[in-house]
Amino acid sequence: MAQRTDTTTPRPRRSRPWPLCALVLGALAVMTACGADTADQSAPPGASGASDSGDAAASSVTRSAAHTGRTVPPASHPASSGSASRPVTHSASASVSSSATAAHTTGSRPGARRVCSTEQLRLSLGRKDVGAGNVYMPLVLTNKSTGTCTLTGFPGVSLLDSAGSAIGDPATRRGASRSAVSLAPGASASAMLHTLNEGTSDTPCRRAPARIRAYPPDSFSSMTVPAGSFRVCGGVFEVESVHSGKGA
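Under numbering that gives the first Met the number 0, the sequence shown has 222 at position 223, and the numbering climbs by one with no breaks.
The following block contains the structure:
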(Lines of atoms letter the chains of each structure in order from A and count residues from 1; the text may use other names and numbers.)
(Lines give C-alpha, C1' and ligand atoms only; values in the text may rest on other atoms or scores of the structure.)
Protein backbone atom coordinates (compact mmCIF):
# COMPACT_ATOMS: atom_id res chain seq x y z
CA MET A 1 0.00 0.00 0.00
CA ALA A 2 1.50 3.31 -0.88
CA GLN A 3 2.27 5.58 2.09
CA ARG A 4 0.62 9.10 1.81
CA THR A 5 2.96 11.99 2.26
CA ASP A 6 1.57 15.02 4.14
CA THR A 7 2.44 18.05 2.02
CA THR A 8 0.35 20.60 3.90
CA THR A 9 2.25 23.87 4.52
CA PRO A 10 1.99 25.16 8.05
CA ARG A 11 0.27 28.59 8.47
CA PRO A 12 2.49 31.36 9.82
CA ARG A 13 1.60 32.90 13.19
CA ARG A 14 -0.18 36.31 13.16
CA SER A 15 1.94 38.99 14.87
CA ARG A 16 0.31 40.89 17.69
CA PRO A 17 1.02 44.72 17.59
CA TRP A 18 -0.30 45.59 21.10
CA PRO A 19 3.01 45.49 22.95
CA LEU A 20 4.55 47.87 20.37
CA CYS A 21 1.70 50.28 20.70
CA ALA A 22 2.15 50.32 24.43
CA LEU A 23 5.82 51.17 24.02
CA VAL A 24 5.03 54.01 21.61
CA LEU A 25 2.42 55.49 23.93
CA GLY A 26 4.85 55.30 26.85
CA ALA A 27 7.52 57.12 24.86
CA LEU A 28 5.07 59.87 23.93
CA ALA A 29 4.14 60.31 27.59
CA VAL A 30 7.79 60.66 28.58
CA MET A 31 8.40 63.27 25.85
CA THR A 32 5.37 65.27 26.95
CA ALA A 33 6.62 65.34 30.52
CA CYS A 34 10.08 66.43 29.39
CA GLY A 35 8.54 69.24 27.32
CA ALA A 36 6.66 70.48 30.34
CA ASP A 37 9.83 70.49 32.40
CA THR A 38 11.65 72.38 29.67
CA ALA A 39 8.88 74.98 29.48
CA ASP A 40 9.04 75.49 33.23
CA GLN A 41 12.82 75.91 33.09
CA SER A 42 12.64 78.44 30.24
CA ALA A 43 10.26 80.75 32.12
CA PRO A 44 11.60 84.36 32.42
CA PRO A 45 13.85 84.70 35.50
CA GLY A 46 12.20 87.99 36.42
CA ALA A 47 8.92 86.30 37.20
CA SER A 48 9.96 84.23 40.17
CA GLY A 49 13.68 85.00 40.64
CA ALA A 50 13.21 88.79 40.92
CA SER A 51 10.38 88.33 43.36
CA ASP A 52 12.47 85.96 45.47
CA SER A 53 15.40 88.46 45.44
CA GLY A 54 13.14 91.39 46.36
CA ASP A 55 11.60 89.40 49.18
CA ALA A 56 15.06 88.47 50.43
CA ALA A 57 16.27 92.12 50.31
CA ALA A 58 13.17 93.35 52.11
CA SER A 59 13.60 90.67 54.74
CA SER A 60 17.27 91.70 55.16
CA VAL A 61 16.37 95.40 55.62
CA THR A 62 13.64 94.51 58.10
CA ARG A 63 15.99 92.32 60.13
CA SER A 64 18.67 95.10 60.11
CA ALA A 65 16.15 97.71 61.27
CA ALA A 66 14.91 95.41 64.01
CA HIS A 67 18.47 94.76 65.15
CA THR A 68 19.57 98.43 65.27
CA GLY A 69 16.26 99.80 66.59
CA ARG A 70 16.09 102.42 63.84
CA THR A 71 13.11 103.22 61.65
CA VAL A 72 13.60 102.50 57.97
CA PRO A 73 12.18 105.37 55.82
CA PRO A 74 9.80 104.43 53.01
CA ALA A 75 11.53 103.88 49.68
CA SER A 76 9.20 106.44 48.04
CA HIS A 77 10.70 109.29 50.13
CA PRO A 78 14.14 110.21 48.68
CA ALA A 79 16.96 110.95 51.10
CA SER A 80 17.44 114.38 49.53
CA SER A 81 13.97 115.54 50.59
CA GLY A 82 15.30 116.56 54.00
CA SER A 83 18.10 118.66 52.54
CA ALA A 84 15.73 120.41 50.15
CA SER A 85 14.21 122.35 53.04
CA ARG A 86 17.53 123.62 54.40
CA PRO A 87 18.14 126.34 51.76
CA VAL A 88 14.76 127.86 52.69
CA THR A 89 15.89 128.08 56.34
CA HIS A 90 19.21 129.69 55.35
CA SER A 91 17.44 132.09 53.02
CA ALA A 92 15.09 133.16 55.83
CA SER A 93 18.05 133.62 58.20
CA ALA A 94 19.93 135.68 55.62
CA SER A 95 16.84 137.86 55.07
CA VAL A 96 16.49 138.52 58.81
CA SER A 97 20.22 139.29 59.09
CA SER A 98 20.07 141.71 56.13
CA SER A 99 17.06 143.48 57.63
CA ALA A 100 18.83 143.88 60.96
CA THR A 101 21.95 145.26 59.23
CA ALA A 102 19.91 147.74 57.21
CA ALA A 103 18.04 148.83 60.33
CA HIS A 104 21.32 149.43 62.16
CA THR A 105 22.76 151.47 59.28
CA THR A 106 19.73 153.68 58.76
CA GLY A 107 18.76 153.91 62.39
CA SER A 108 15.23 152.64 61.75
CA ARG A 109 15.24 150.39 64.83
CA PRO A 110 13.56 151.79 67.93
CA GLY A 111 16.10 153.71 70.01
CA ALA A 112 18.79 153.68 67.29
CA ARG A 113 20.47 156.96 66.40
CA ARG A 114 20.64 158.23 62.82
CA VAL A 115 24.24 159.21 62.15
CA CYS A 116 24.84 162.33 60.06
CA SER A 117 26.39 161.47 56.69
CA THR A 118 28.58 163.72 54.59
CA GLU A 119 25.64 164.18 52.21
CA GLN A 120 23.69 165.77 55.05
CA LEU A 121 26.45 168.08 56.28
CA ARG A 122 28.21 171.27 55.25
CA LEU A 123 31.77 171.91 56.50
CA SER A 124 33.09 175.36 57.41
CA LEU A 125 35.55 177.12 59.73
CA GLY A 126 34.58 179.36 62.62
CA ARG A 127 36.41 182.36 64.01
CA LYS A 128 40.03 181.81 65.02
CA ASP A 129 40.94 182.58 68.63
CA VAL A 130 44.54 183.37 69.55
CA GLY A 131 45.67 183.78 73.15
CA ALA A 132 48.54 182.92 75.51
CA GLY A 133 50.46 181.23 72.73
CA ASN A 134 47.55 178.95 71.73
CA VAL A 135 45.50 179.01 68.57
CA TYR A 136 41.92 177.65 68.46
CA MET A 137 39.70 177.35 65.43
CA PRO A 138 36.30 175.61 65.38
CA LEU A 139 35.54 173.13 62.64
CA VAL A 140 31.79 173.56 62.04
CA LEU A 141 29.41 170.86 60.76
CA THR A 142 25.93 172.09 59.76
CA ASN A 143 22.93 169.87 58.97
CA LYS A 144 21.75 170.91 55.51
CA SER A 145 19.21 168.09 55.12
CA THR A 146 15.52 168.02 56.01
CA GLY A 147 15.88 165.32 58.67
CA THR A 148 17.40 165.18 62.15
CA CYS A 149 20.68 163.28 62.63
CA THR A 150 23.34 162.91 65.33
CA LEU A 151 27.09 163.34 65.74
CA THR A 152 29.10 161.69 68.49
CA GLY A 153 32.83 161.72 69.22
CA PHE A 154 35.87 162.98 67.35
CA PRO A 155 36.20 163.82 63.66
CA GLY A 156 39.29 162.82 61.73
CA VAL A 157 41.21 165.91 60.59
CA SER A 158 44.30 166.40 58.41
CA LEU A 159 45.92 169.17 56.35
CA LEU A 160 46.28 169.04 52.56
CA ASP A 161 48.42 170.99 50.13
CA SER A 162 47.22 172.32 46.80
CA ALA A 163 47.90 168.94 45.15
CA GLY A 164 45.77 167.12 47.71
CA SER A 165 48.69 165.49 49.53
CA ALA A 166 48.71 165.33 53.31
CA ILE A 167 50.93 167.69 55.26
CA GLY A 168 52.28 165.95 58.33
CA ASP A 169 50.29 163.64 60.60
CA PRO A 170 46.53 163.94 61.26
CA ALA A 171 45.29 165.74 64.36
CA THR A 172 45.41 163.85 67.65
CA ARG A 173 42.45 163.75 70.03
CA ARG A 174 42.27 166.23 72.87
CA GLY A 175 40.11 165.74 75.95
CA ALA A 176 37.25 163.31 76.54
CA SER A 177 34.42 162.45 74.20
CA ARG A 178 31.20 164.37 74.78
CA SER A 179 27.66 163.05 74.57
CA ALA A 180 25.83 162.75 71.25
CA VAL A 181 24.70 165.96 69.57
CA SER A 182 21.32 165.89 67.84
CA LEU A 183 21.22 168.15 64.80
CA ALA A 184 17.87 169.36 63.56
CA PRO A 185 17.72 170.74 60.01
CA GLY A 186 19.88 173.88 59.86
CA ALA A 187 21.54 173.25 63.28
CA SER A 188 25.32 173.11 63.73
CA ALA A 189 27.92 171.31 65.85
CA SER A 190 31.61 172.04 66.04
CA ALA A 191 34.94 170.43 66.94
CA MET A 192 37.73 172.71 68.14
CA LEU A 193 41.13 172.58 66.42
CA HIS A 194 44.15 173.47 68.56
CA THR A 195 47.74 174.35 67.75
CA LEU A 196 50.42 176.77 69.05
CA ASN A 197 51.21 180.24 67.93
CA GLU A 198 54.29 180.60 65.77
CA GLY A 199 57.44 181.19 67.83
CA THR A 200 56.01 179.71 71.02
CA SER A 201 58.07 176.56 70.59
CA ASP A 202 61.40 175.74 69.03
CA THR A 203 59.57 173.25 66.77
CA PRO A 204 59.05 174.96 63.42
CA CYS A 205 55.64 175.39 61.80
CA ARG A 206 54.44 173.12 59.05
CA ARG A 207 54.08 174.57 55.61
CA ALA A 208 50.82 176.38 55.07
CA PRO A 209 47.96 174.08 54.01
CA ALA A 210 45.57 174.77 51.13
CA ARG A 211 42.63 172.84 52.58
CA ILE A 212 41.52 171.08 55.76
CA ARG A 213 40.09 167.60 55.32
CA ALA A 214 37.64 166.23 57.88
CA TYR A 215 35.91 162.88 58.38
CA PRO A 216 32.73 163.41 60.44
CA PRO A 217 32.33 161.01 63.39
CA ASP A 218 31.27 157.49 62.34
CA SER A 219 31.83 158.31 58.66
CA PHE A 220 34.19 156.84 56.06
CA SER A 221 33.69 159.76 53.65
CA SER A 222 35.60 163.00 53.95
CA MET A 223 34.85 166.67 53.37
CA THR A 224 37.23 169.56 52.72
CA VAL A 225 37.22 173.29 53.35
CA PRO A 226 39.78 176.03 52.51
CA ALA A 227 42.30 176.30 55.36
CA GLY A 228 42.35 180.09 55.42
CA SER A 229 44.96 181.34 57.87
CA PHE A 230 45.15 178.12 59.91
CA ARG A 231 48.64 176.70 60.23
CA VAL A 232 50.12 174.09 62.54
CA CYS A 233 53.08 175.24 64.63
CA GLY A 234 55.08 174.04 67.64
CA GLY A 235 54.49 170.36 66.83
CA VAL A 236 50.91 170.55 68.23
CA PHE A 237 47.86 169.62 66.16
CA GLU A 238 44.82 168.49 68.16
CA VAL A 239 41.05 168.19 67.75
CA GLU A 240 38.34 168.03 70.41
CA SER A 241 35.12 166.01 70.23
CA VAL A 242 32.02 167.61 68.69
CA HIS A 243 29.68 169.69 70.79
CA SER A 244 26.55 171.69 70.05
CA GLY A 245 26.90 175.14 68.45
CA LYS A 246 29.41 176.86 66.17
CA GLY A 247 32.06 177.34 68.82
CA ALA A 248 33.79 180.62 69.69
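Even glycine gets a Cβ: it sits at the ideal position worked out from N, Cα and C.
Please read these numbers as outputs of a predicted model, since none were measured by experiment.
Under 7 angstroms between C-beta atoms, does residue i make it to chain C?
i, result
"I166", "Absent from the structure: chain C. Only one protein chain is present."
For the beta strand (DSSP E) containing residue i, name the first residue and the last one.
i, result
"A213", "210-214"
"G130", "128-130"
"V139", "133-142"
"R121", "120-124"
"C148", "148-150"
"T223", "222-225"
For residue i and residue j, what's the separation of their Cα atoms in angstroms?
i, j, result
"I166", "F236", "11 angstroms"
"T147", "A188", "13 angstroms"
"G124", "A186", "Looking at the sequence shown, residue 124 is not Gly but Leu. Cα-Cα distance, rounded: 15 angstroms."
"A183", "D201", "44 angstroms"
"T149", "A162", "32 angstroms"
"A252", "T145", "Not covered by the structure: residue 252. The range shown for the chain is 0 to 247."
"V231", "R112", "34 angstroms"
"S218", "T194", "24 angstroms"
"T151", "K127", "23 angstroms"
"E239", "P203", "23 angstroms"
"K143", "G246", "18 angstroms"
"S164", "E118", "23 angstroms"
"F229", "S220", "23 angstroms"
"G233", "R172", "16 angstroms"
"P216", "L122", "13 angstroms"
Are the CB atoms of residue j and residue i within a distance shorter than 7 angstroms?
i, j, result
"S243", "V180", "yes"
"M191", "P137", "yes"
"A213", "P169", "no"
"R205", "T223", "no"
"C159", "L140", "The sequence given here has Leu at residue 159, not Cys. No; because the gap between Cβ atoms is not below 7 angstroms, this pair is not in contact."
"T199", "G130", "no"
Return yes when the C-beta of residue i is under 6 angstroms from any heavy atom of the ligand NAD, and no when it is not.
i, result
"V238", "The ligand NAD is not part of the structure shown, which contains no ligands of any sort."
Hey, residue i and residue j are a contact pair by Cβ (cut 8 angstroms); roughly how many whole angstroms apart?
i, j, result
"R177", "V114", "Going by Cβ atoms, the distance from R177 to V114 rounds to 15 angstroms, so no, they are not a contact pair."
"N196", "V156", "About 19 angstroms; that fails the 8 angstroms criterion."
As an exercise, report each continuous beta strand (DSSP E) stretch of at least 3 residues that is fully enclosed by the region 154-207, in chain order. 155-159, 180-182, 187-195
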